[in-house]
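K.L.:
Residue numbers (this note's numbering), protein chains in the order written: chain A, 13 to 384; chain B, 3 to 313. Idealized CB from N, CA, C, for every residue including glycine.
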Amino acid sequence: MQRRISRVAIVSVAQTRLRPSWDRLQHVDLIGSAVTDVLKGTGVTMRDIDFVIDCGSDVLDGRSISNCGFLGAMGGHHKEESRVEEDGLWGAVYGVTKILAGPASIGLVVAYSKPSESDVSAYYSTLADPFYQRPVGLNHRVASGLAAREYLRAHGLDPEVLDAPAAAAWRNAAANPYVEVADAPDAATVASGGLVADPLREHHVSRNVDGAVAVLLAAEHIAERITPAPVWVTGMGSAMDSQMLTDRRPGELEAAAAAAGTAYRRAGVTDPASLALAEVSATSVAEELMVLEALGLAPRGHGASLYGDDSPVAVNPSGGAIPADPVMATGLVRLAEATRRLTAANATTSRAVVHGAGGIGMQNHCVFTLEV
Amino acid sequence: MSQLFTSPDVPQVLTTTLSIPYTLTPGGAAGQFLAGLAERRILGSRCEPCARTVVPAQDVCGRCGEQTPDLVELPHGGTVTSWTAHQGRVVAKIRLDGADADLLHVVAAEPGAVEVGDRVAADWAAEPTGWITDLAAFTPGRARSGPAEATPVARAETSVEMVPYRLDLTYHHAYGPYYGRMFDELGSFSRLMGSRCSSCHRVLLPARAICDVCFARTDQFDEVSDTGVLQAFSVIHMEFVGQTRKPPYVYAEIVLDGSSTRLIHTVAGDFDLADAASTLSIGMKVKAVWKPESERVGTLEDIAYFEPVIP
Chain A
13 MQRRISRVAI VSVAQTRLRP SWDRLQHVDL IGSAVTDVLK GTGVTMRDID FVIDCGSDVL
73 DGRSISNCGF LGAMGGHHKE ESRVEEDGLW GAVYGVTKIL AGPASIGLVV AYSKPSESDV
133 SAYYSTLADP FYQRPVGLNH RVASGLAARE YLRAHGLDPE VLDAPAAAAW RNAAANPYVE
193 VADAPDAATV ASGGLVADPL REHHVSRNVD GAVAVLLAAE HIAERITPAP VWVTGMGSAM
253 DSQMLTDRRP GELEAAAAAA GTAYRRAGVT DPASLALAEV SATSVAEELM VLEALGLAPR
313 GHGASLYGDD SPVAVNPSGG AIPADPVMAT GLVRLAEATR RLTAANATTS RAVVHGAGGI
373 GMQNHCVFTL EV
Chain B
3 MSQLFTSPDV PQVLTTTLSI PYTLTPGGAA GQFLAGLAER RILGSRCEPC ARTVVPAQDV
63 CGRCGEQTPD LVELPHGGTV TSWTAHQGRV VAKIRLDGAD ADLLHVVAAE PGAVEVGDRV
123 AADWAAEPTG WITDLAAFTP GRARSGPAEA TPVARAETSV EMVPYRLDLT YHHAYGPYYG
183 RMFDELGSFS RLMGSRCSSC HRVLLPARAI CDVCFARTDQ FDEVSDTGVL QAFSVIHMEF
243 VGQTRKPPYV YAEIVLDGSS TRLIHTVAGD FDLADAASTL SIGMKVKAVW KPESERVGTL
303 EDIAYFEPVI P
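1) Under a Cβ-count criterion, where at least 16 other Cβ atoms within 10 Å of its own Cβ denotes burial, should B/Tyr-181 be classed as buried or exposed?
2) Kindly indicate which three-state DSSP category B/Ala-179 falls into: helix, strand or coil?
3) Using the Cβ count rule (16 or more neighbours within 10 Å means buried), how would you classify A/Glu-358?
4) Sort A/Glu-305, A/Val-208, A/Gly-114, A/Ala-333 by Cα distance to A/His-167 and report the nearest one.
5) Thinking C-alpha only, which one of A/Asp-70, A/Ala-21, A/Asn-220, A/Val-56 is nearest A/Ala-294?
6) Pull the bridge partners of A/Cys-378 from the DSSP assignment, please.
7) So, does the CB of A/Met-13 fall closer than 9 Å to a CB anywhere in chain B?
8) Write down the C-beta distance between A/Glu-192 and A/Arg-29 rounded to the nearest angstrom, noting that I regard them as a contact closer than 8 Å.
9) Determine, using beta carbons only, whether A/Gly-84 and A/Ala-185 come nearer to each other than 9 Å.
10) Mind checking if B/His-88 is an interface residue toward chain A, Cβ cutoff 9 Å exclusive?
11) Do you know whose CA, among B/Pro-51, B/Gly-114, B/Tyr-307, B/Gly-196, lies nearest B/Gly-67's CA?
12) When the distance is taken between beta carbons, is A/Val-71 closer than 9 Å to B/Leu-16?
13) Note the first and the last residue of the continuous alpha helix (DSSP H) segment covering A/Met-302.
14) Hey, how far is the Cα of A/Gly-223 from the Cα of B/Ile-44?
15) Could you round the C-beta distance between B/Ser-201 and B/Cys-216 to whole angstroms and report it? I think they count as a contact, below 8 Å.
16) Counting only runs that start and end within the segment 22-100 of chain B, where is the beta strand (DSSP E) found for 3 or more residues in a row?
17) Please confirm whether B/Glu-50 has its beta-carbon closer than 9 Å to some beta-carbon of chain A.
18) Going by beta carbon distance, what residues of the same chain come within less than 7 Å of A/Ser-130, once the five residues before and after it are set aside?
19) When you compare the CB of B/Pro-313 with every CB in chain A, is at least one pair closer than 9 Å?
20) For the segment 116-129 of chain B, enumerate the residues whose C-beta is nearer than 8 Å to any C-beta of chain A, in chain order.
21) Going by other Cβ atoms of all chains shown within 10 Å of its Cβ, with 16 needed for buried, is A/Gly-368 buried or exposed?
22) Take B/Glu-241 and list the residues in its own chain whose beta-carbon comes closer than 7 Å to its own, dropping the five residues that flank it on each side.
23) What residues in its chain sit with their C-beta under 8 Å from that of B/Phe-7, if we drop five residues either side in the sequence?
24) So, does the CB of A/Lys-126 fall closer than 9 Å to a CB anywhere in chain B?
25) Drop a sphere of 10 angstroms on the beta-carbon of A/Met-13, count the other beta-carbons inside from all chains shown, and report buried for 16 or more, exposed for fewer.
26) Note down, in chain order, every chain B residue with its Cβ under 8 Å from the Cβ of A/Thr-355.
27) What does B/Asp-170 pair with, by DSSP beta-bridge criteria?
28) Is B/Pro-310 close to the ligand SAH? I mean its beta-carbon at under 8 Å from any heavy atom of the ligand.
29) Drop a sphere of 10 angstroms on the beta-carbon of A/Met-374, count the other beta-carbons inside from all chains shown, and report buried for 16 or more, exposed for fewer.
30) Quick test of your reading: A/Asp-172 and A/Ala-203, contact by CB under 8 Å. State the CB separation rounded to the nearest angstrom.
31) Could you give the residue range of the alpha helix (DSSP H) that holds A/Ala-275?
32) Would you check if there are 3 or more beta carbon pairs closer than 8 Å linking the segment 208-217 of chain A to the segment 27-44 of chain A?
33) Mapping the DSSP letters down to three states, classify A/Asn-79 as helix, strand or coil.
34) Identify the contact partners of A/Tyr-190 in chain B, using a Cβ-Cβ distance below 9 Å as the criterion.
35) Below 8 Å, can you find three or more Cβ-Cβ pairs linking the segment 39-57 of chain A to the segment 308-325 of chain A?
36) What is the DSSP secondary structure of B/His-239, reduced to helix, strand or coil?
Now the structure itself:
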């Protein structure tokens with residue numbers, strides 16, 4: 013008789029270091045490293061894994077159905093393997109759902125990216141509609157610049173409000189062994205950076221990095237045998253906004269709020285601030301503030317208040333996506349970072365919210381709630 | 003041997019461009035919008051239940067999903083609602099007069115000279131062709147053309163049916179340690195190197211770190227012979243994008259002696275391609291014919307072709 017699965021846990025996470033360029037390694041080398049490491053110390057071998065879900069972008073990778081070439085490095089030979097052409101956090105939704113549905117007990121979710129091998133602006137412009145948006149120069153930077161101006165204007169804020177959160181992100185990343193940072197800019201350096209997408213400056217926008225991340229998921233009855241500290245997935249939600257940038261509500265991220273609403277209902281979260289750890293994705297600091305507000309962690313226009321010492325929520329202690337954005341793996345890296353912090357010996361919280369995004373101007377959003 | 007396997011100062015990278023041709027089909031409303039631009043008209047669509055006019059015209063209302071909203075011709079002037087400047091170009095959201103949603107376009111102005119709330123007007127290309135850049139840009143000031151207000155129009159007779167399009171994407175692929183050594187060996191010594199799986203002991207070509215079947219690490223490089231066995235073949239007569247040879251040619255899978263995987267290459271030699279099916283056979287021995295040393299560049303194309311070995 014099939015066992016009824018009521019809960020799914022993250023039982024192991026691993027990732028490569030995130031660097032602006034891993035120019036001496038192929039995708040398969042990065043993937044193989046993360047997947048080899050995620051099994052270490054678990055007692056789980058590749059034979060025990062029921063399915064592999066991998067997340068990446070054919071356009072970034074420069075080959076069609078690129079997972080076919082990477083399959084060996086993720087142990088997918090003759091296994092149920094599935095590619096999600098979205099951030100790895102959507103792959104985790106798929107994986108958790110497969111286990112909850114009953115036919116699988118242990119699953120591997122992998123996400124990877126080598127944006128250093130291609131032109132990230134060209135990648136984002138391929139996401140835009142080819143008739144109206146691509147020919148006028150829409151890419152992720154243009155979308156972020158427009159979103160930042162609308163956010164600041166909607167709440168009567170000066171661009172300087174973005175400097176301290178950016179400096180905090182870079183400071184946290186510099187302290188994170190998984191992120192390569194040569195020089196973390198302070199708020200004054202952020203403020204004097206060159207304009208990239210007015211009003212956004214150099215350190216306000218995400219820095220693309222190469223890397224791979226792997227997450228091992230297990231059904232409840234197995235999770236507790238693999239690790240003494242399983243991280244339970246208590247809620248998941250995702251939502252997508254209009255493809256046309258001009259059809260989305262300016263100054264906020266409605267789809268992020270919708271995704272969070274779904275996850276919170278599943279998890280029974282009524283006070284988002286009780287989720288004392290937030291690992292969120294964004295392509296600019298302004299959009300990071302908009303995400304935090306959409307997640308209900310701060311009132312609209314007050315996201316920047318969450319970066320202070322007295323903040324009820326630890327925002328991106330990993331540094332988040334501004335200093336390190338491995339496009340397509342960014343959200344799954346957030347899940348790995350939150351998992352490590354929830355299970356650390358000196359953990360200060362037992363609950364976390366994790367967010368991933370995709371598309372130009374962050375059209376798509378995915379939210380997880382976690383608990384130990 | 004001394005020049006081999008020393009870590010190069012510059013990482014080995016393969017630069018390649020994917021150039022993909024498309025024929026885009028704009029479809030109903032988009033086709034009429036683009037055709038309208040060729041006549042210096044800006045067409046939007048109006049959804050009556052939502053009381054909302056959007057531009058460019060759409061077949062389906064993005065809010066309520068109602069199909070085929072009514073077409074309207076919009077004035078050529080509007081107001082900047084948001085803008086950014088990226089790499090010297092000002093891209094703005096422009097609310098055309100009579101519209102309820104913004105149009106994304108370029109404003110021809112210095113970044114410092116644009117403000118939210120500025121009035122801008124369409125600046126048309128000298129010879130519009132039915133493409134979004136027929137609207138060359140919006141420029142500050144009052145409209146010099148177009149209707150005074152949003153005006154319902156009948157379904158246009160003309161439509162842009164098809165747009166030739168090309169996407170060019172350039173990549174710098176890292177070789178990494180396994181392909182790096184493999185191509186080093188090929189370029190320096192014209193020899194093929196695979197890697198041996200520590201578990202199943204198969205020799206894998208191209209060389210790689212992890213065996214696809216066992217998920218075990220490979221533990222040594224092994225030289226692979228330039229002779230082998232024909233495993234499968236097909237005579238290709240069709241032309242297609244990305245082809246490196248002119249048809250007809252033989253597409254072949256060859257298991258090289260000392261390896262366990264199939265190499266894709268071509269078989270040629272002293273036979274007529276029309277007779278390929280009767281000349282070649284599965285299991286036949288084949289041997290690499292290398293190009294003259296002066297023409298070798300360190301790729302698999304250094305092997306001109308494989309030829310049948312007649313016993």
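P.N.:
The answer reads as follows:
1) For this step, residue 181 of chain B is matched to residue 179 along the second sequence. With 16 or more Cβ atoms within 10 Å of its Cβ, B/Tyr-181 is classed as buried.
2) Stepping through the second sequence from its first residue, residue 179 of chain B is reached at position 177. Before going further, note that residue 179 of chain B is Pro rather than Ala in the sequence given. Here DSSP, grouped into helix, strand and coil, assigns B/Pro-179 to helix.
3) As a first step, residue 358 of chain A must be located in the first sequence, where it is residue number 346. The residue asked about is misnamed: residue 358 of chain A is Asn in this sequence, not Glu. Sixteen is the threshold: since fewer than 16 other Cβ atoms of the shown chains lie within 10 Å of the Cβ of A/Asn-358, the residue is exposed.
4) If you number the first sequence from 1, residue 167 of chain A lands on position 155. Comparing Cα-Cα distances from A/His-167 to each of A/Glu-305, A/Val-208, A/Gly-114, A/Ala-333, the minimum goes to A/Glu-305.
5) Here residue 294 of chain A is taken as the residue at index 282 of the first sequence, counted from 1. Ranking A/Asp-70, A/Ala-21, A/Asn-220, A/Val-56 by Cα distance to A/Ala-294 puts A/Asn-220 first.
6) On the first sequence, residue 378 of chain A is found 366 positions in, with the first residue counted as 1. According to DSSP, A/Cys-378 bridges with A/Ser-250, A/Gly-368.
7) One-based indexing of the first sequence puts residue 13 of chain A at position 1. Note that A/Met-13 scores a pLDDT of 47, beneath 50, so its modelled location is shaky and nothing firm can be said.
8) Here residue 192 of chain A corresponds to residue number 180 of the first sequence, with the count starting at 1. Here residue 29 of chain A corresponds to residue number 17 of the first sequence, with the count starting at 1. The beta-carbon separation of A/Glu-192 and A/Arg-29, rounded to 6 Å, stays under the 8 Å limit for a contact.
9) To locate residue 84 of chain A, count along the first sequence from 1; it is residue 72. To locate residue 185 of chain A, count along the first sequence from 1; it is residue 173. Not a contact, by the Cβ cut-off of 9 Å.
10) If you number the second sequence from 1, residue 88 of chain B lands on position 86. Answer yes: the Cβ-Cβ gap between B/His-88 and chain A drops below 9 Å somewhere.
11) One-based indexing of the second sequence puts residue 67 of chain B at position 65. In this structure, B/Pro-51 is the residue among B/Pro-51, B/Gly-114, B/Tyr-307, B/Gly-196 with its C-alpha nearest to the C-alpha of B/Gly-67.
12) Taking the first residue of the second sequence as position 1, residue 16 of chain B is located at position 14. Taking the first residue of the first sequence as position 1, residue 71 of chain A is located at position 59. If you check the CB distance, B/Leu-16 and A/Val-71 do not come in under 9 Å.
13) One-based indexing of the first sequence puts residue 302 of chain A at position 290. DSSP places A/Met-302 in the uninterrupted alpha helix (DSSP H) bounded by 297-306.
14) Position 211 of the first sequence, counting from 1, holds the residue named residue 223 of chain A. Position 42 of the second sequence, counting from 1, holds the residue named residue 44 of chain B. If you take the alpha carbons of A/Gly-223 and B/Ile-44, they lie about 45 Å apart.
15) For the purposes of this step, residue 201 of chain B is taken as the residue at position 199 of the second sequence. For the purposes of this step, residue 216 of chain B is taken as the residue at position 214 of the second sequence. The C-beta separation of B/Ser-201 from B/Cys-216 comes to about 4 Å, placing the pair in contact by the 8 Å criterion.
16) When DSSP assignments are scanned along the segment 22-100 of chain B, the uninterrupted stretches of beta strand (DSSP E) that are 3 or more residues long and fall wholly within it turn out to be 44-49, 54-56, 72-76, 79-88, 91-98.
17) Taking the first residue of the second sequence as position 1, residue 50 of chain B is located at position 48. So, not an interface residue.
18) As a first step, residue 130 of chain A must be located in the first sequence, where it is residue number 118. So the list reads Leu-72, Gly-74, once near-sequence residues are dropped.
19) To locate residue 313 of chain B, count along the second sequence from 1; it is residue 311. Chain A, which has no Cβ nearer than 9 Å to the Cβ of B/Pro-313, makes this no.
20) The segment 116-129 of chain B vs chain A, Cβ under 8 Å: Val-118.
21) Residue 368 of chain A sits at position 356 when you count from the first residue of the first sequence. Burial call: buried.
22) Taking the second sequence and counting its residues from 1, the one referred to as residue 241 of chain B is at position 239. Around B/Glu-241: Pro-249.
23) Counting from 1 along the second sequence, the entry for residue 7 of chain B is found at position 5. Legend: pLDDT at B/Phe-7 = 39, less than 50; position of this residue unreliable, value from coordinates given subsequently. Correct list, in chain order: Arg-183, Asp-186.
24) If you number the first sequence from 1, residue 126 of chain A lands on position 114. Answer yes: the Cβ-Cβ gap between A/Lys-126 and chain B drops below 9 Å somewhere.
25) Within the first sequence, numbered from 1, the residue matching residue 13 of chain A stands at position 1. Here the model assigns A/Met-13 a pLDDT of 47, short of 50, so the residue's position is not dependable and the matter cannot be decided.
26) In the first sequence, counting from the first residue as 1, residue 355 of chain A sits at position 343. Here the premise fails: no neighbours, minimum Cβ distance about 26 Å.
27) Here residue 170 of chain B corresponds to residue number 168 of the second sequence, with the count starting at 1. DSSP links B/Asp-170 through a beta bridge to B/Ser-21.
28) The ligand SAH is absent from the structure shown, which contains no ligand whatsoever.
29) For the purposes of this step, residue 374 of chain A is taken as the residue at position 362 of the first sequence. A residue is called buried once 16 or more other Cβ atoms fall within 10 Å of its Cβ, and A/Met-374 is buried on that count.
30) One-based indexing of the first sequence puts residue 172 of chain A at position 160. One-based indexing of the first sequence puts residue 203 of chain A at position 191. Contrary to the premise, residue 172 of chain A reads as Glu rather than Asp in this sequence. Confirmed, Cβ separation roughly 7 Å.
31) Residue numbering aside, residue 275 of chain A sits at position 263 when the first sequence is read from its first letter. Element bounds for A/Ala-275: 266-279.
32) No: the two stretches stay apart, fewer than three of their Cβ pairs being nearer than 8 Å.
33) Within the first sequence, the letter at position 67 stands for residue 79 of chain A. It is helical.
34) Locating residue 190 of chain A in the first sequence gives position 178, counting from the first residue. Chain order gives no chain B residues near A/Tyr-190, where near means a beta carbon separation below 9 Å; the closest approach is about 20 Å.
35) Output reads no: the segment 308-325 of chain A does not touch the segment 39-57 of chain A.
36) Counted from its first residue, the second sequence places residue 239 of chain B at position 237. DSSP, read as helix, strand or coil, puts B/His-239 in coil.
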